[in-house]
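Participant: Below are the structure tokens for one structure; questions will follow.
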Amino acid sequence: MGNGETMASWNRGKSAAMDWLLAHIDYAGDECLIWPFARIAKGYGELGAPNRKMQYAHRVMCTLVNGPPPTPKHQTAHSCGRGHDGCVHPRHVSWKTNGENQLDRRIHGTINVPRQRLTVRQVEEIRARKGLETQASIAKRLGIKVACVEHWQRHDRPPIRLRP
Ligand SMILES: [Zn+2]
Numbered sequence: 087m088g089n090g091e092t093m094a095s096w097n098r099g100k101s102a103a104m105d106w107l108l109a110h111i112d113y114a115g116d117e118c119l120i121w122p123f124a125r126i127a128k129g130y131g132e133l134g135a136p137n138r139k140m141q142y143a144h145r146v147m148c149t150l151v152n153g154p155p156p157t158p159k160h161q162t163a164h165s166c167g168r169g170h171d172g173c174v175h176p177r178h179v180s181w182k183t184n185g186e187n188q189l190d191r192r193i194h195g196t197i198n199v200p201r202q203r204l205t206v207r208q209v210e211e212i213r214a215r216k217g218l219e220t221q222a223s224i225a226k227r228l229g230i231k232v233a234c235v236e237h238w239q240r241h242d243r244p245p246i247r248l249r250p
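Going by my numbering, the first residue of the sequence shown is number 87, and it counts up by one from there.
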């Protein structure tokens, strides 16, 4: 999906896979959401749409949740590191540049938090809004990345020192 395209360009209702994605935009389960349809050899879900070539399911989900990629070079990153298992969890995907994505992969399993300046108060708010507001909405309101919200809602205690 190219930069600037809108979801209106998708022909809803003609693709069971697209309907499934749309039905799971607000999915809030703790576990990864595994794509139940066709997957390519590497394990990533694929999505057919009328008059379009195949799309990666996680990329379409990321667009639905976070909007179009900020630049054509942005990739869909998985905070869970399970893209190859077909995860399309709306809260596990975010746009990252290749460099950011590589960094994530390197540090995955230890800490996975965007290097952003947050106050203790912001972190408290992020946690307080868990389940009450979408992560994309919180991120937009606070002017931070969705992955950052996802991180602070997932971990009970901060793995890194907070700046005042
Ligand atoms: Zn996942």
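Think of the CB as a built atom: it goes at the ideal place given N, C-alpha and C, for glycine as much as any other residue.
Pop quiz: I111 and V151 are said to be a contact at Cβ under 8 Å. What is the actual Cβ separation, rounded to whole angstroms?
Facilitator: Walking along the sequence shown from the start, residue 111 turns up at place 25. Walking along the sequence shown from the start, residue 151 turns up at place 65. Their Cβ separation, rounded to whole angstroms, is 6 Å, which keeps I111 and V151 in contact under 8 Å.
Participant: Buried or exposed for E117, going by 16 or more other Cβ atoms inside 10 Å?
Facilitator: Here residue 117 refers to the residue found at position 31 when the sequence shown is read from its first residue. It is exposed - the Cβ of E117 has fewer than 16 other Cβ atoms within 10 Å.
Participant: At the level of alpha carbons, what is the spacing between N226 and L119?
Facilitator: Here residue 226 is taken as the residue at index 140 of the sequence shown, counted from 1. Here residue 119 is taken as the residue at index 33 of the sequence shown, counted from 1. Note on identity: in this sequence residue 226 is Lys, with Asn being the wrong assignment. When rounded, the distance between both Cα atoms is 23 Å.
Participant: Residues in its own chain within less than 6 Å of P244 by CB, not counting five upstream and five downstream?
Facilitator: Locating residue 244 in the sequence shown gives position 158, where the first residue counts as 1. Note that P244 has pLDDT 49, beneath the 50 cutoff, so the model's placement of it is unreliable and the number below is only indicative. Counting only Cβ-Cβ distances below 6 Å, and skipping sequence neighbours, we find nothing.
Participant: By alpha-carbon positions, which one of R145, G229 and V235 ends up nearest to R213?
Facilitator: Against the sequence shown, residue 213 aligns to sequence position 127. Nearest C-alpha to R213: V235.
Participant: Which parts of the stretch 113–182 are runs of the beta strand (DSSP E), unbroken and 3 residues or longer, counting only runs that do not cross its ends?
Facilitator: Runs found: 161–164 and 179–182.
Participant: Using 7 Å as the cut-off, classify the Cβ of R240 as near or not near the heavy atoms of ligand 1, replying yes or no.
Facilitator: Indexing the sequence shown from 1 puts residue 240 at position 154. No - ligand 1 has no heavy atom lying nearer than 7 Å to the Cβ of R240.
Participant: Can you find the residues in the same chain that come closer than 6 Å, C-beta to C-beta, to T196, ignoring five residues on each side of it along the sequence?
Facilitator: Here residue 196 corresponds to residue number 110 of the sequence shown, with the count starting at 1. Legend: pLDDT at T196 = 34, less than 50; position of this residue unreliable, value from coordinates given subsequently. For T196, where only same-chain residues beyond five positions count, there are no Cβ hits under 6 Å.
Participant: Could you work out which residue in R177, S101 and Q161 is closest to E186 when comparing CA atoms only?
Facilitator: Stepping through the sequence shown from its first residue, residue 186 is reached at position 100. Minimum Cα distance to E186 is reached at Q161.
Participant: Could you tell me the alpha carbon to alpha carbon distance between Q239 and V206, rounded to whole angstroms?
Facilitator: To locate residue 239, count along the sequence shown from 1; it is residue 153. To locate residue 206, count along the sequence shown from 1; it is residue 120. So the alpha carbons of these two residues sit roughly 13 Å apart.
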